[in-house]
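Okay, so here's the structure we're looking at.
Residue numbers (the working numbering): 65 to 221.
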């Protein structure tokens with residue numbers, strides 16, 4: 065299969081396939097005599113695996129680990145399960161953060177009249193939170209006293 069065919073088969077764009085090759089997530093493709101990339105059905109299957117993992121929100125680093133586990137026929141399923149559950153915990157944390165953002169924005173939107181008036185509690189709230197406390201200034205460094213002329217030349221003799 066050429067890159068267009070494997071892209072269609074796996075659901076991964078040609079650009080991403082080249083990127084995954086570049087970063088070593090998948091091995092470099094074999095090349096035809098004309099220099100075109102050539103992929104096997106197992107390459108397409110690996111790319112489909114990657115796409116499914118990306119659809120589930122796994123990072124490239126996590127996908128690399130999952131690929132290694134997938135290829136290891138003597139893997140412990142406990143390792144895969146642990147990765148999945150760690151990822152679920154991370155997703156739940158992100159969901160909680162997003163829900164907090166939604167709640168805050170909804171409350172702010174409820175306070176805004178949404179008319180032609182320039183006063184807007186949403187902008188005021190954003191501006192209020194944007195104020196950075198000033199950094200305390202350090203005292204100035206005292207100037208060093210100059211050496212008396214001749215004293216430096218005779219010191220240490």
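For glycine and all other residues, C-beta sits at the position ideal for the given N, C-alpha and C.
- Per DSSP, reduced to three states, the secondary structure at residue 137 is coil, with no helix or strand assignment.
- Note on geometry: alpha-carbon atoms of residue 139 and residue 132 lie some 9 Å from one another.
- In this structure, the alpha-carbon of residue 112 lies about 18 Å from that of residue 148.
- Among the bridge pairs identified by DSSP, residue 102 is matched with 94.
- With 16 or more other Cβ atoms from the protein chains shown falling within 10 Å of its own Cβ, residue 107 counts as buried.
- Around the CB of residue 130, 16 or more other CB atoms lie within 10 Å, so the residue is classed as buried.
- In the structure shown, residue 70 falls within a helical segment according to DSSP collapsed to helix, strand and coil.
- With 16 or more other CB atoms across the displayed protein chains lying within 10 angstroms of its CB, residue 101 is buried.
- Annotation for residue 80: the continuous alpha helix (DSSP H) segment containing it runs 78–86.
- Relative to the Cα of residue 135, the nearest Cα in the group 90, 152, 151 and 171 belongs to 90.
- With distances taken between CA atoms, residue 94 lies nearest to 103 out of 120, 154, 109 and 103.
- Secondary structure at residue 120: coil, using DSSP grouped into helix, strand and coil.
- Ranking 162, 165 and 186 by CA distance to the CA of residue 172 puts 186 first.
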